[in-house]
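K.L.:
Residue numbers (the numbering used here): 1272 to 1380.
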């Protein structure tokens, strides 16, 4: 996993080996509308980078709130398997588990 995050090529991630695995396509539900570019845009950037780093073999399609699930049900959708990934904030789900409050004391983490 760490070699996939670096610019260093290894024998396992070059040539035919890099193209031999299955294609993976994930759906990511976001709690943030496109009008909140700093947050929604972060999910778009992640999807673009994953696509580029995997040569298009792993794609993530980002959905705005309400396209697949309501904005405050993203975590529930991931848990249910409706989507493979979610982009949301812990503080929306403190009622589900009190430990989720730990990541909400300062903006962005």
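The beta carbon of each residue, even a glycine, is placed where N, CA and C say it ideally should be.
Counting C-beta neighbours from all protein chains within 10 Å, is the total for residue 1341 16 or more, i.e. buried, or is it exposed?
P.N.:
exposed
K.L.:
Pick helix, strand or coil for residue 1335, following the three-state DSSP scheme.
P.N.:
coil
K.L.:
Could you compute how far the alpha carbon of residue 1358 sits from the alpha carbon of residue 1291?
P.N.:
29 Å
K.L.:
Residue range of the beta strand (DSSP E) that residue 1358 falls in?
P.N.:
1356-1358
K.L.:
Which residues in the same chain have their Cβ closer than 8 Å to the Cβ of residue 1371, if we skip the five residues on either side of it in sequence?
P.N.:
Counting only Cβ-Cβ distances below 8 Å, and skipping sequence neighbours, we find 1361, 1362, 1364 and 1365.
K.L.:
Kindly confirm or deny that the segment 1299-1311 and the segment 1345-1356 touch, where touching means at least three C-beta pairs closer than 8 Å.
P.N.:
yes
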